Structure formats: C-alpha cells, structure tokens
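Have a look at the structure below, then the notes.
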Amino acid sequence: MIDLHCHLGGAVPSSVLWEILCDSGLQTEFRSFENLHQFLTVTSKDFHDLDDFLGRYFHVTELIQSSPHAASTAVYHAVAKAYRRAEIKGMEIRYNPLKRVHGGHHTLGAIIMATVQGMQRVSMHYHVNTGMIFSMGKELSHASNWTIVEAAVAFCSHGNLNGAHGVVGIDMAGPESTGVDTDDEWLEEASRMVEHARAAGLGITWHVGETDASGVDGMEKIMEVIKPDRIGHGIVLRKAEGKQRERLCAMLRERNVCLEIFPSVNKVTKSIDSFDEIADLIRMVDQENIPFCLNTDNPYLIHTNLSAEYDLMRKTLGADAGLLDQGPGHAKRASFMSGVREGKPINPIR
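Remember, the working numbering sits 52 above the position in the sequence shown when you count from 1.
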C-alpha cells in the first residue's frame, strides 16, 4: 500500500520528538517525556473543530523539527515507523519547509537538503518508495507561498534514486476558514504558482472540501481554477446536489482526480459525525467512477496507520467492504513518484 497524504508534523512518534528536543537543547514548556507525550495524545474531545486541531499541536511539532538534523531524523522515522507498523510500500510526506527554519536561524536550503537525505536513507534501509510534497499555506502571504513553490521547483530534478524520489509535488494546506478557496483574486495568484510548479513536472494536490467552511462551492472552484491532480479530503462531495453534483463528479471523473480520504482524522476533527458518512462517500465515488484511496494524514497524533484505516472502513462498509480493494490501485496510479506509477522494483544497494 502507498500512503499519499501524510503530514510530517503529525507523523513522528512523541518518543522520537522528545529525543530530538533533548539533543537540540531547545527551551520549551515540556520538562519530561510524559509532558510532551500527553500533549501530543489527541482525542476528539480535546477540541471543537478543524481550526482548533490545526492551531493546537503543529506549532510544537514544527518547532521541534526546526533544524537540519531534526528535520532529517523526523522524515526518516515517519517513514520507518509506517513501514514497520503497516508494511507500506511507499509514502509521500508533505511539510512546509518555511515553518522549519526556526525564525531564520536555518536556511531553507539546509532544511530541504536534510529531509532529502533522510528520505534517501530510509528508502535504502527499508526498500520503500519515498517522495516529498511541499505544502503552501492558505494562511500565508503570496510571497511566502511563492518561496515554497520556487524551492520545490529548484529541488524537483532529483529523479528516482533507489526508491527515493525527492521533491515530487506541491500542496495547499491550512485552515479552510480563511475563505481563500472561493476568493477569485487570491486564487488568480495561486493559480500562477501552480502552473509554474506544473510546468516543472511537479504534481499538484490541494486541501479542500474537508468542512463546510470551503464546502461544495470551494471544491468546485478549486477544480475549475487550480485543476489539481489530487484533492486532499473532498468529503463534502457527499453533500453536493443536482446540477452541481453532476458538474463536480464529471470534472473529477474525466480528469481522473483522486480523492485522498482520511476517516480517522475527519472524525477526530469533527468534520464528520460518524464513519458511516465516509462509507457513504466511498459508495458514491465508486458509483461515479471517481478514484479514491485511504491515507493517514497525521498518524501519530491520532494513533492510526494505513492498515488500520482500511480495516476501520472495511468494518464500517460491511457487505460493501470490497469497494476498498480498488483503493491501493488508485493510490499507485495517482502517486507523484514515477517509480511507483511505473512499478519499478527497488534493488538493494550492495
């Protein structure tokens, strides 16, 4: 199985983050492993909505990961742990490199090079395909997002080095409550960034349609203006009605846009009330011939892994559990990693 959507900020065990923190000498509020572990142990009762979730934890994990050594270690363990827990065959890790320069104490290039090297090491050790996606931010300025895109373009010629693909795509993440997914002026500039990245051969994925804050209108607008290769979440599609549903489903189907779906995190952030809503979405996209796959999003924050996500939805779907069998195939075809799409074997270096 391939995990196409995993955020570095939520993919590293608290034990590893604690060791990084101790080695770095960073001054934080956490005085023991137990303090940090308890803080990073997330349940749905801890917050109200997606914005609350996004604002509560990531400033801590991103700070701890804010040095070349820390970033490299974090990337390595995110993939290694996923392999050991769920036997993944590949992972695309996404992160915002600007949020790991520690207020300018480290250069962007040093952070990126460190994560590239961490990916190369873990691909060599575990024979898994790895790729990096740089996440822009809906809450960030256009200038900051342009910096991220230019960095992705500069580092995208890595190629496939024994499973390690380097930078393979860009993403737009951040709070949907900013309203930018339906802001024509904002999207006009964002679309220029996307086209610049696309021209360099990078894949495009976009967080939208996770909550009613962007809603069906936001999802349709992103499909029309940004034209992404994949959509992160998109679960509001189940609420689309009438002609709008027909238009949106047609665009997704005809462009072969894969929906990256995350049952556990959507429940934790209260974006859904029950897993039955995800089951209904899976039945719907199957009927509409829209590709989809399950992913982890923030596996260590919400205590899941890729196998667990599939097991959860098999149980929820019941007699329709067989619909999930197509997920891994869709993930392989939608991957931004050339070695995955082409089915190239990873030959151990001896």
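All C-beta atoms in this analysis are idealised placements derived from N, C-alpha and C, irrespective of residue type, glycine included.
It should be emphasised that the depicted structure is a prediction, and the values quoted were computed from it without experimental measurement.
Local Cβ density within 10 Å of residue i, reported as buried at 16 or more and exposed below that
| i | result |
| --- | --- |
| G62 | buried |
| D98 | exposed |
| R307 | exposed |
| P351 | buried |
| K133 | buried |
| P343 | buried |
| E361 | buried |
| E262 | buried |
| T234 | buried |
| G189 | buried |
| A130 | buried |
| N399 | exposed |
| H111 | exposed |
| P397 | exposed |
| S326 | exposed |
| A433 | This structure gives no information on residue 433, because the portion of the chain shown stretches from 53 to 402. |
| S119 | buried |
| G294 | exposed |
| H100 | exposed |
| S14 | Lying outside 53 to 402, the shown extent of the chain, residue 14 is not represented and no answer is given. |
| D328 | exposed |
| T348 | buried |
| H264 | The question names His, yet the displayed sequence has Asp at residue 264. Exposed, by the Cβ-count rule. |
| A383 | buried |
Straight-line gap, residue i to residue j (C-alpha atoms, nearest Å)
| i | j | result |
| --- | --- | --- |
| D281 | A292 | 20 Å |
| H89 | H355 | 12 Å |
| T80 | E202 | 32 Å |
| V246 | G226 | 16 Å |
| R83 | I334 | 44 Å |
| G221 | R146 | 9 Å |
| P65 | M184 | 19 Å |
| A371 | N87 | 43 Å |
| D223 | V68 | 26 Å |
| V268 | R137 | 35 Å |
| A166 | R299 | 43 Å |
| R393 | E191 | 33 Å |
| H194 | M176 | 36 Å |
| S387 | C58 | 13 Å |
| R297 | S209 | 38 Å |
| G161 | P149 | 9 Å |
Proximity winner among the options, relative to residue i (alpha-carbon distances)
| i | options | result |
| --- | --- | --- |
| E144 | H111, S187 and P120 | S187 |
| H285 | G391, E228 and V392 | E228 |
| T321 | T159, Y109 and G253 | Y109 |
| D104 | S390, S323, Y352 and T348 | S323 |
| E237 | H248, V268 and K273 | K273 |
| T95 | S359, I72, G156 and S316 | S316 |
| A249 | V288, F207, A162 and C74 | F207 |
| K151 | H177, F91 and Q117 | Q117 |
| I287 | F314, E298, M303 and K295 | F314 |
| P380 | S193, P120 and L311 | L311 |
| Y128 | H179, F85, R299 and T159 | H179 |
| G253 | D269, M389, L73 and C301 | M389 |
| M53 | L346, D328 and L369 | L346 |
| E139 | H259, S359 and G231 | S359 |
| D332 | G77, R297 and L289 | L289 |
| E114 | G142, H100, W70 and L102 | W70 |
| L60 | G156, I164, M365 and E394 | I164 |
| I72 | T93, C58, T125 and D55 | T125 |
| G77 | H121, L102 and I278 | H121 |
| I283 | A302, Q296, L364 and V260 | V260 |
| L304 | M275, I330, K319 and H382 | M275 |
| N318 | A123, G255, A383 and L102 | L102 |
| T368 | K384, L353 and I330 | I330 |
| T182 | Y135, H158 and V153 | Y135 |
The beta strand (DSSP E) enclosing residue i, as first and last residue numbers
| i | result |
| --- | --- |
| V220 | A216 to A225 |
| F344 | F344 to L346 |
| G189 | N181 to G189 |
| L311 | C310 to I313 |
| G284 | R282 to H285 |
| E228 | Looking at the DSSP string, E228 is not in any beta strand (DSSP E), and its letter there is neither H nor E. |
| G142 | G142 to Y147 |
| H259 | G255 to V260 |
Element boundaries [alpha helix (DSSP H), containing residue i]
| i | result |
| --- | --- |
| H248 | D236 to A251 |
| M53 | It is not in any alpha helix (DSSP H) - M53 carries neither H nor E in the DSSP assignment. |
| F327 | F327 to Q339 |
| R299 | G294 to E306 |
| G170 | L160 to Y178 |
| V127 | P120 to A138 |
| E202 | H194 to A206 |
| T368 | L358 to L369 |
| T113 | F110 to I116 |
| M389 | From DSSP, M389 is part of no alpha helix (DSSP H); its letter is neither H nor E. |
Tell me whether the stretch 368-388 and the stretch 334-347 touch, counting them as touching only if at least three CB pairs, one residue from each stretch, are closer than 8 Å. yes
Do the stretch 157-172 and the stretch 211-223 make contact, defined as three or more Cβ pairs closer than 8 Å? yes
Using 8 Å as the threshold, is the stretch 193-201 in touch with the stretch 237-249, meaning 3 or more CB pairs across them? yes
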